[in-house]
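What follows is a single structure, written as structure tokens, with notes after it.
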Ligand code: GLN
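Pasting the structure below:
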């Protein structure tokens, strides 16, 4: 059984060729074999997984029916709440937190017959681009064990890349699903802001945060998105826009699709090997019949500065809730209440989280708010308007995902600016609220994966998925063998 193909799994389970119980046995065996090296998972509870699979089998037999994700094993980033299963956000602050409720996306997955396999490693509170900021462990890239899998949803990307899970959920604030997807040769989709409920996603920067799916094919992403998308009364920012049948939509032709290439995404800092692979990807789109033209997104140069004001500002506010009173880490023997706050937060948060809280608090403080946060919000509007103008002319945009291939473990962890700069091509989609996807485009001569980004207009996930699907069918990437 190919654990990397969710569609095949659900077809086989719905036709009773294989049971959900057998599927999860295979997934658990793969985790047992590969994860001691890759370290993608923080929590796997095999007995709970087996019990859920048997329940799903019983539901299928009793109802004599089928389910859209029957028996499909899903890995879930550890900042998405799962009732009764530890949810740490990769932080010592929440090392013992077990949520009393599940995120809406989890409820919808389980209703569709999917089985949550376990919780995956991530940068602490999703702050980072390498998964090295986890308080617990370092996750390895399955194509080169000395390199990072990307981040912050690194564990989720590795789980689907290495065939430990068929699908995975990650989260996106500034590229945390697209960049690891690019680094691990899988697909990752950041949907339109509001397309997916954020209820049960632990907040980092609320105006930028999204739940975001990962898979090994466009068809799998389409069925995944159809199951989890849509209005949720628990999240007032979830959009009422109707959910299309994404699986039907991806089969529409792409010939004649107008596609733009923004010149600002090909300047200084782009690794020549990555550029070569992306240029070939753009030629492939031409060969598919897309009408490719040059476009400009002039405010892209301000994107990193803009994002790294807005995201920390919102984070400093969101993370104020970790006061050690009702849940989470509490320092032993505090002297008094303020000592308890100070030491619990000082000991519970890692250095990147503290850096963001300090930057954000500064940017929001009186006297500086206008100069930093208010100004950053104006720049955000300019970035958004760049995209509005581009989408008057084209339906989709093609760009690199990351300026470099996966980098070495330890290479950037002491240099936060170098780490932040690696988000240059991804943060604008979050600032503008538009859908964006990373798909496998090629490998460098050293055998490192490189992803191609497709961006679309608000709520045009169908367009993005359709182009991804046509591209992958016409130009499949032949990957070197996994290291595990
Ligand atoms: N790398 C970016 C950051 O560190 C994006 C993180 C994310 O998308 N969650 O903020």
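In the numbering used here, the protein residues as written are 5 to 488. Backbone N, C-alpha and C fix where the C-beta goes; we use that ideal spot for every residue, glycine too. Everything numeric in this text was worked out from a predicted model, so none of it was measured.
Of all C-beta pairs linking the stretch 102-117 to the stretch 351-368, fewer than three are shorter than 8 Å, placing the two stretches out of contact. Taken through DSSP and simplified to helix, strand or coil, residue 243 comes out as coil.
A distance criterion of 7 Å places the beta-carbon of residue 177 in contact range of the ligand GLN, judged by its closest non-hydrogen atom. Between residue 393 and residue 352, the alpha-carbon positions lie close to 45 Å from each other.
Look at the beta carbons and you see the stretch 26-40 touching the stretch 60-78: at least three pairs across the two are nearer than 8 Å.
Put simply, of 225, 211, 282 the residue whose alpha carbon is nearest the alpha carbon of residue 322 is 211. Among the bridge pairs identified by DSSP, residue 369 is matched with none. Looking at the DSSP output, residue 120 shares a beta bridge with 78.
It is roughly 60 Å from the alpha-carbon of residue 337 to the alpha-carbon of residue 252. For the ligand GLN, no non-hydrogen atom lies closer than 7 Å to the CB of residue 154. The stretch 86-101 makes contact with the stretch 43-53, as at least three CB pairs between them are under 8 Å. Straight across, the Cα-Cα distance linking residue 200 with residue 130 is about 18 Å. At a Cβ-Cβ threshold of 8 Å, residue 205 and residue 314 do not count as neighbours. The way I'd put it, the stretch 369-378 doesn't touch the stretch 298-307; fewer than three beta-carbon pairs between them come closer than 8 Å. Residue 163 is a Cβ neighbour of residue 169, given a cutoff of 8 Å. Secondary structure within the stretch 195-273: the beta strand (DSSP E) runs of 3 or more consecutive residues, fully enclosed, are 214-219, 262-266 (chain order). The residue among 195, 243, 69 with its C-alpha nearest the C-alpha of residue 440 is 195.
Going by DSSP, residue 298 is part of the beta strand (DSSP E) stretching over 295-299. Contact check for residue 326 against residue 346 fails: the beta carbons are separated by 8 Å or more. Sequence-distant partners of residue 381 (beyond 5 residues in either direction) whose C-beta falls short of 8 Å from its own C-beta, in its chain, are 314. In the DSSP assignment, residue 442 falls within the unbroken beta strand (DSSP E) covering 440-447. Residue 414 sits away from residue 128, with the two beta carbons spaced by 8 Å or more. Each residue's CA atom was taken as its position, placing residue 456 and residue 280 some 11 Å apart. Exclusion of the five residues before and after residue 138 leaves 94, 125, 126, 127, 128 as the residues of its chain whose Cβ lies within less than 7 Å of its Cβ.
Taking 7 Å as the cut-off, one finds no heavy atom of the ligand GLN near enough to the beta carbon of residue 327. In the three-state reduction of the DSSP assignment, residue 19 falls in the coil class, being assigned neither a helical nor a strand state. Look at the beta carbons and you see the stretch 228-236 touching the stretch 112-122: at least three pairs across the two are nearer than 8 Å. Note that the C-beta distance between residue 224 and residue 171 is below 8 Å.
If you ignore the 5 residues before and after residue 235, its C-beta comes within less than 6 Å of the C-beta of 242, 244, all in its own chain and listed in chain order. By the Cβ criterion, the stretch 136-152 is not in contact with the stretch 175-182, since fewer than three pairs of Cβ atoms, one from each stretch, lie closer than 8 Å. Secondary structure at residue 136: coil, using DSSP grouped into helix, strand and coil. Where residue 70 is concerned, there is no enclosing beta strand (DSSP E), because DSSP gives it neither an H nor an E. At a cut-off of 7 Å, the beta-carbon of residue 158 does not count as near the ligand GLN: no heavy atom of the ligand is closer than that. In the DSSP assignment, residue 458 is bridged to 402, 441.
With a threshold of 7 Å, the Cβ atom of residue 310 does not count as near the ligand GLN, since no heavy atom of the ligand is closer than that. At least one heavy atom of the ligand GLN falls within 7 Å of the beta-carbon of residue 208.
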